[in-house]
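A.B. asks: Numbering (the numbering used here), first residue to last: 151 to 555. Backbone N, C-alpha and C define an ideal beta-carbon position, used for all residues, glycine too. Every value quoted in this text rests on a predicted model; they were computed, and no experiment measured them.
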Amino acid sequence: MFAAWGLLFFMTEGHAVYALREKETQTRLSLLYERELFPEAIALGSEWGLSEKEMSEIHRMFGDWLYEKKEFADAMREYIFTIGFLDASYVIRRFLDAAQIHNLTAYLEELHRSGKATVDHTVLLMNNYVKLHSNEKIQAFVYQNALGAQFDVPAVIDVLVKAGYFREALYLAQSHRIYERVLSIQIDESGAFRDAIDFVATLSDADAAKLLQRYGKRLVDAEPEATSQLLLRLCTAPGGVEPERFFHCFVDNAAALKSFLQRVVEMRPQCGTSVWNTLLELLLRSDLAPGESREALTEKVMALLRDPKAKYDPDEALFLLQRGKCEEGLLFVCLKLRLSGMLVRLYFEAGQREEARKLCEEEKGEEALWELLLQLYAESEDYAEEEKKKSEEKRGEKSEEKGEE
Numbered sequence: 151m152f153a154a155w156g157l158l159f160f161m162t163e164g165h166a167v168y169a170l171r172e173k174e175t176q177t178r179l180s181l182l183y184e185r186e187l188f189p190e191a192i193a194l195g196s197e198w199g200l201s202e203k204e205m206s207e208i209h210r211m212f213g214d215w216l217y218e219k220k221e222f223a224d225a226m227r228e229y230i231f232t233i234g235f236l237d238a239s240y241v242i243r244r245f246l247d248a249a250q251i252h253n254l255t256a257y258l259e260e261l262h263r264s265g266k267a268t269v270d271h272t273v274l275l276m277n278n279y280v281k282l283h284s285n286e287k288i289q290a291f292v293y294q295n296a297l298g299a300q301f302d303v304p305a306v307i308d309v310l311v312k313a314g315y316f317r318e319a320l321y322l323a324q325s326h327r328i329y330e331r332v333l334s335i336q337i338d339e340s341g342a343f344r345d346a347i348d349f350v351a352t353l354s355d356a357d358a359a360k361l362l363q364r365y366g367k368r369l370v371d372a373e374p375e376a377t378s379q380l381l382l383r384l385c386t387a388p389g390g391v392e393p394e395r396f397f398h399c400f401v402d403n404a405a406a407l408k409s410f411l412q413r414v415v416e417m418r419p420q421c422g423t424s425v426w427n428t429l430l431e432l433l434l435r436s437d438l439a440p441g442e443s444r445e446a447l448t449e450k451v452m453a454l455l456r457d458p459k460a461k462y463d464p465d466e467a468l469f470l471l472q473r474g475k476c477e478e479g480l481l482f483v484c485l486k487l488r489l490s491g492m493l494v495r496l497y498f499e500a501g502q503r504e505e506a507r508k509l510c511e512e513e514k515g516e517e518a519l520w521e522l523l524l525q526l527y528a529e530s531e532d533y534a535e536e537e538k539k540k541s542e543e544k545r546g547e548k549s550e551e552k553g554e555e
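#1: Looking at the unbroken alpha helix (DSSP H) that takes in N334, where does it start and where does it end?
#2: Flag this pair as yes or no: are the beta carbons of A404 and L361 separated by less than 8 Å?
#3: Restricting to Cα atoms, I'd like to know which of R488, E445, N427 is closest to D463.
#4: Helix, strand or coil: which one does DSSP assign to R171?
#5: If you reduce the DSSP assignment to three classes, tell me which class T232 lands in.
#6: Compute the Euclidean distance between the alpha carbons of C399 and R364, then round it to the nearest angstrom.
#7: DSSP state of A453, grouped into three classes?
#8: Please state the DSSP three-state secondary structure of D345.
#9: For I192, which option in R185, K203, S201, H209 has the closest C-alpha, if you only look at C-alpha atoms?
#10: Helix, strand or coil: how does DSSP classify F301 here?
#11: First and last residue of the alpha helix (DSSP H) that includes G213?
#12: Look at the Cβ atom of V414, then the Cβ atom of P393, and state whether they are nearer than 8 Å.
#13: Please state whether DSSP places Q294 in a helix, a strand or coil.
#14: Grab me the residues of Y315's own chain with a C-beta within less than 7 Å of its C-beta, minus the 5 sequence neighbours each way, in chain order.
#15: According to the neighbour-count rule (16 or more other Cβ atoms, all chains shown, within 10 Å of its Cβ), is Q294 buried or exposed?
#16: With distances taken Cα to Cα, identify the nearest neighbour of D355 among I335, F343, T386.
#17: According to the Cβ coordinates, are K203 and F235 closer than 8 Å?
Set out below in structure tokens:
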């Protein structure tokens, strides 16, 4: 026996020479595959230093062989070795039958541990946990990152919410700072309005304002006082949010808006014109002050109109006061704006005719005011009664003169 040229030579006693050539690795493996000796192929492949991809292919063939023999659990153990090389959908499609949910779950868990899972894999895994009522695994996945921290959080939250795992969904949403999802779970799913308010109160003013613009109305409807207190804090803090941004939150609760704006202007009188105008409009509404007299309402309106810090728009105020039939307020604003014509009419209609006459005298050169006053007299009922009386007296005098004749 001797070696030469990469061959091994044997010479027999009969002087016959045999040359032995080593077969290629793939040829030797093919022989093992043909004989269905997959465990041996795996062992030798490892010994021969095959690449991970080549070893994955052997495991895939072994898994297929076991699957065809309906040895599903053993087949799945082989398929797990193919993760990262074999398309996961190849395996998943084979185990979608309900009877194989445990095997499929094991494969999906390994996909997550290896960091190869996609959003669809995560959703499928969580749905499997729900179907299996695997509460412990769900909690381990959520609270302990049992399968790693890399997964699509919103997708998991959706599955948990649909399955009624609100506490776990809230934990994920809070820990990953998905604040809008926190509010949607607390309000839409759990009806925990007070918890939602308490949560928003822990956030920065910017985040809280953003959430309240979207969910504020729901919170005001359910918890008007607590929500108003939170909004008040945001609006009156240094550099606070403009109150107008939250008007829509009170669209179905004008009484709460009135109370809110009263506190806002007390603490932040420099707020915008629309705040003061809106508050004036609400103060003029008797339906928002049950049990209060007309005089009490007028007093509050006048207090706002006389407030030197108030920034209401006079023209808008005139419209609101006319609509609310607040004569004292109208007189005040007309005097403030020096609307002489309107003042003459208001004085006259209020029975203060001497005041109307004095105003005409003060406004020298305004002949139109005298004309207006005369017109008002002519149109007034007492003027008509006086003219009627004079006419009757004249007719009586004429009758007496004829009788004497």
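C.D. replies: Per the coordinate set shown:
#1: In the sequence shown, residue 334 corresponds to position 184, counting from 1. The amino acid at residue 334 is misidentified as Asn; the sequence shows Ser. From DSSP, the alpha helix (DSSP H) with S334 extends over 329–334.
#2: Within the sequence shown, residue 404 is the residue found at index 254, counting from 1. Within the sequence shown, residue 361 is the residue found at index 211, counting from 1. The Cβ atoms of A404 and L361 do not sit closer than 8 Å to each other.
#3: Against the sequence shown, residue 463 aligns to sequence position 313. Here the closest residue by C-alpha is N427.
#4: For the purposes of this step, residue 171 is taken as residue 21 along the sequence shown, with counting starting at 1. Residue placement at R171 is flagged as unreliable, the pLDDT there being 44, under the threshold of 50; the coordinate-derived value follows with that caveat. Three-state DSSP puts R171 in coil, outside helix and strand.
#5: Taking the sequence shown and counting its residues from 1, the one referred to as residue 232 is at position 82. DSSP places T232 in coil when its eight states are reduced to three.
#6: Stepping through the sequence shown from its first residue, residue 399 is reached at position 249. Stepping through the sequence shown from its first residue, residue 364 is reached at position 214. About 9 Å.
#7: In the sequence shown, the residue the question calls residue 453 occupies position 303. DSSP places A453 in the helix class (H, G or I) of the three-state scheme.
#8: By 1-based counting over the sequence shown, the position of residue 345 is 195. In the structure shown, D345 sits in a helix (DSSP, three-state: H, G or I).
#9: The residue you call residue 192 lines up with position 42 of the sequence shown. Cα-wise, what sits closest to I192 is H209.
#10: Working through the sequence shown from its first residue, we reach residue 301 at position 151. In the structure shown, F301 sits in coil (DSSP, three-state: anything other than H, G, I, E or B).
#11: Residue mapping note: residue 213 aligns to position 63 of the sequence shown, counting from 1. That run of the alpha helix (DSSP H) goes 202–218.
#12: Sequence index remark: in the sequence shown, residue 414 carries index 264 (1-based). Sequence index remark: in the sequence shown, residue 393 carries index 243 (1-based). Yes, the Cβ-Cβ distance between V414 and P393 is below 8 Å.
#13: Residue mapping note: residue 294 aligns to position 144 of the sequence shown, counting from 1. Three-state DSSP puts Q294 in coil, outside helix and strand.
#14: Translated into positions along the sequence shown, residue 315 becomes position 165. Around Y315: I288.
#15: Walking along the sequence shown from the start, residue 294 turns up at place 144. Per the 10 Å Cβ criterion, exposed.
#16: For the purposes of this step, residue 355 is taken as the residue at position 205 of the sequence shown. If we check each option's Cα against that of D355, T386 comes out closest.
#17: Looking up residue 203 in the sequence shown gives position 53. Looking up residue 235 in the sequence shown gives position 85. Yes, Cβ-Cβ distance for K203 and F235 is below 8 Å.
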